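Asker: Structure provided below as structure tokens; questions to follow.
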Amino acid sequence: MNAGVIVPIANLNIEVGTKTWKDLRDEKIVKQDKDYSCGAASMATLLNEFYNQSFTEIELLKAMDKGDGSASFDDMAKALPQFGFRAVGYALSFEQLSKLKISKR
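So the sequence shown is numbered by the numbering used here: it starts at 1 and just counts up by one.
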């Protein structure tokens with residue numbers, strides 16, 4: 001959070017917290033910290049936002065047991081059952097993807 005804005009009201013000064021556009025844009029995104037960890041960061045973002053989890057990029061990298069190497073979709077799919085999830089891969093065009101309905105089970 002950035003420095004607040006002080007709003008004078010009568011004899012009171014109230015400090016209102018502010019956030020930048022970038023802070024608002026990124027607040028629910030697990031940012032990639034390593035050059036090879038885009039899969040773990042994006043998987044953490046999806047699990048946290050859509051399945052109410054609280055994973056970090058590092059936790060998922062450890063679960064994939066890839067050390068300092070990149071992870072494939074297969075690596076991610078093999079790690080998810082440790083946390084009670086399963087992964088399914090699809091090869092679709094953008095048009096097909098936009099029509100896809102996925103239920104939360």
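All C-beta atoms, glycine included, are put in the ideal place defined by N, C-alpha and C.
All of these numbers come straight from a predicted model, not from anything done at the bench.
So for T18, helix, strand or coil by DSSP?
Answerer: Start at 1 with the first residue of the sequence shown, and residue 18 comes out as number 18. If DSSP states are grouped into helix, strand and coil, T18 belongs with the strands.
Asker: What's the call for S54, buried or exposed, on a 16-neighbour Cβ count within 10 Å?
Answerer: Mapped onto the sequence shown, residue 54 falls at position 54. By the neighbour-count rule (16 or more Cβ atoms within 10 Å), S54 is not buried but exposed.
Asker: For T20 and I102, what's the separation of their Cα atoms in angstroms?
Answerer: Locating residue 20 in the sequence shown gives position 20, counting from the first residue. Locating residue 102 in the sequence shown gives position 102, counting from the first residue. Near 33 angstroms, if we compare the C-alpha coordinates of I102 and T20.
Asker: Taking one C-beta from the stretch 56-66 and one from the stretch 87-100 each time, how about it: are there three or more such pairs within less than 8 angstroms?
Answerer: Touching, no, given that fewer than three Cβ pairs across the two stretches are closer than 8 angstroms.
Asker: Check L100 in the structure and name its three-state DSSP category.
Answerer: As a first step, residue 100 is located in the sequence shown; it is residue number 100 there, counting from the start. If DSSP states are grouped into helix, strand and coil, L100 belongs with coil.
Asker: Looking at the structure shown, is L92 part of a helix, part of a strand, or coil, going by DSSP?
Answerer: Taking the first residue of the sequence shown as position 1, residue 92 is located at position 92. If DSSP states are grouped into helix, strand and coil, L92 belongs with coil.
Asker: Specify, as a first and last residue, the run of the alpha helix (DSSP H) that G84 falls within.
Answerer: Within the sequence shown, numbered from 1, the residue matching residue 84 stands at position 84. Careful: G84 lies outside any alpha helix (DSSP H) and carries neither H nor E.
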